[in-house]
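*Asks:*
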Amino acid sequence: MRDDANILSRLLKRASLVERGFLIVLALAASALYIFVQTASEVFEGETHGFDNAILLAFRNPLDLSDPLGPRWFEEVMRDFTALGGTAVLATITLFVVGYLAISGKRRSALLVTVSIVGGVLLSNLLKYGFDRPRPDLVPHGMEVYTLSFPSSHAMMSAVVYLTLGALLARTQAAPRVRVYLLTCAVLLTVVVGVSRVYLGVHWPTDVIAGWAVGSCWALGWWLAALWLQRQRKVETPDEGAPSQDE
């Protein structure tokens with residue numbers, strides 16, 4: 615009887631932790647959505663000009679607005695960082711990850727990743743053309759741009775891809791340190807891409823904040839979906855997949 619009581623106690627404790635995890639992720643997603651809605655509202659009410667101008671100018675030489683702060687090599691580094699949020703790079707990374715999941719025997723996880731990323735691309739395009747905000751004209755652009763400004767598609771899609779892949783890949787790993795590593799890398803990549811867009815003068819800071827917010831909300835939503843589907847045994851759990859040839 616005592617052993618049965620101990621087992622029941624552990625099961626209840628585990629269930630409580632899972633439920634708390636769901637609530638934390640849900641709260642983070644709701645917070646990110648709130649930040650996006652508030653940012654969009656203030657942008658179109660014209661309340662962000664002072665903030666946007668101050669941050670954008672802080673990255674420039676006050677004597678020459680065409681000159682971003684730092685040496686020439688650092689400007690090239692920032693262009694390299696911004697390329698990490700480009701369509702070609704993100705599509706390539708997604709294909710590699712989907713292929714890895716498929717050959718590892720996690721085909722339903724691969725499908726989930728594909729659907730989440732493709733859906734994020736569609737959402738990004740809808741928002742981009744729906745808000746119709748011009749690019750910054752306060753400083754010269756550090757690279758060529760061809761689309762509208764709000765929200766930043768580089769910031770949003772880096773959040774959608776890197777955070778979604780980080781979160782969903784973390785759900786396929788049993789070791790906590792591997793999960794933390796994947797999520798940390800995803801967050802750092804998302805941050806440097808967004809900062810590079812402001813540094814190069816091709817986005818207002820609020821464009822990037824909005825992109826981060828809606829992209830994070832999307833990624834967290836798919837994380838919740840992955841958790842639920844794994845509990846329903848419709849997506850592979852961390853210890854499932856194709857057996858190794860060594861076994």
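Residue numbers (the working numbering): 615 to 861. Every residue gets a Cβ at the ideal spot worked out from N, C-alpha and C, and that includes glycine.
Would you list, in sequence order, the uninterrupted beta strand (DSSP E) runs of no fewer than 3 residues that lie entirely inside the stretch 677 to 713?
*Replies:* Counting only runs of 3 or more, we get 678 to 682.
*Asks:* Using the rule of at least 16 other Cβ atoms within 10 Å of the residue's Cβ for burial, across every protein chain shown, is residue 644 buried or exposed?
*Replies:* It counts as exposed.
*Asks:* Any contact between the stretch 818 to 828 and the stretch 644 to 662? By contact I mean 3 or more CB pairs, one from each, below 8 Å.
*Replies:* Output reads yes: the stretch 644 to 662 touches the stretch 818 to 828.
*Asks:* In terms of alpha-carbon separation, which member of 708, 771, 676 lies closest to residue 821?
*Replies:* Of the listed residues, the one whose Cα sits closest to residue 821 is 771.
*Asks:* Do residue 754 and residue 808 have their C-beta atoms closer together than 8 Å?
*Replies:* For residue 754 and residue 808, no; Cβs fall outside 8 Å.
*Asks:* Beta-carbon within less than 7 Å of residue 724's beta-carbon, same chain only, minus the 5 sequence neighbours each way: which residues are those?
*Replies:* Excluding positions up to five away in sequence, the list reads 712, 715, 716.
*Asks:* State the DSSP-derived secondary structure class of residue 747, mapped to helix, strand or coil.
*Replies:* Correct three-state label for residue 747: coil.
*Asks:* Per the DSSP calculation, residue 675 is bridged to which residue(s)?
*Replies:* The partner list for residue 675 (beta bridge, DSSP) reads 678.
*Asks:* Along the alpha helix (DSSP H) that carries residue 832, what are the first and last residues, could you check?
*Replies:* Its alpha helix (DSSP H) spans residues 819 to 845.
*Asks:* Using only CA atoms, which one of 813, 760, 835, 666 lies nearest to residue 685?
*Replies:* Nearest of 813, 760, 835, 666 to residue 685, Cα basis: 813.
*Asks:* Could you say if the stretch 680 to 700 and the stretch 798 to 808 meet the contact criterion of at least three C-beta pairs nearer than 8 Å?
*Replies:* With a cut-off of 8 Å, the stretch 798 to 808 and the stretch 680 to 700 count as touching, because enough Cβ pairs lie within range.
*Asks:* Is DSSP giving residue 661 helix, strand or coil here?
*Replies:* Residue 661: coil per DSSP, three-state reduction.
*Asks:* Output needed for residue 836: all residues of its chain with C-beta closer than 6 Å, excluding positions within five of it in sequence on either side, in chain order.
*Replies:* Correct list, in chain order: 730, 778.
*Asks:* Output needed for residue 728: all residues of its chain with C-beta closer than 6 Å, excluding positions within five of it in sequence on either side, in chain order.
*Replies:* So the list reads 712, once near-sequence residues are dropped.
*Asks:* Spatial neighbours of residue 618 within its chain, please: C-beta separation below 6 Å, excluding the five flanking residues on both sides.
*Replies:* Low per-residue confidence applies at residue 618: pLDDT is 48, beneath 50, and the placement is therefore not dependable enough to give any value.
*Asks:* Please state if the CB of residue 654 and the CB of residue 710 are separated by a distance shorter than 8 Å.
*Replies:* The answer is no: Cβ separation not under 8 Å.
*Asks:* Provide the residue span of the alpha helix (DSSP H) that contains residue 768, from first to last.
*Replies:* Counting along the chain, the alpha helix (DSSP H) containing residue 768 begins and ends at 767 to 772.
*Asks:* Could you give the distance in angstroms between the alpha-carbon of residue 802 and the alpha-carbon of residue 669?
*Replies:* For residue 802 and residue 669, the distance between alpha carbons rounds to 20 Å.
*Asks:* In chain order, what residues of the same chain have a beta carbon less than 6 Å from the beta carbon of residue 581, not counting five sequence neighbours either side?
*Replies:* Absent from the structure is residue 581, since the part of the chain shown begins at 615 and ends at 861.
*Asks:* Whole angstroms is fine: what's the gap from residue 680's alpha carbon to residue 733's?
*Replies:* For residue 680 and residue 733, the distance between alpha carbons rounds to 37 Å.
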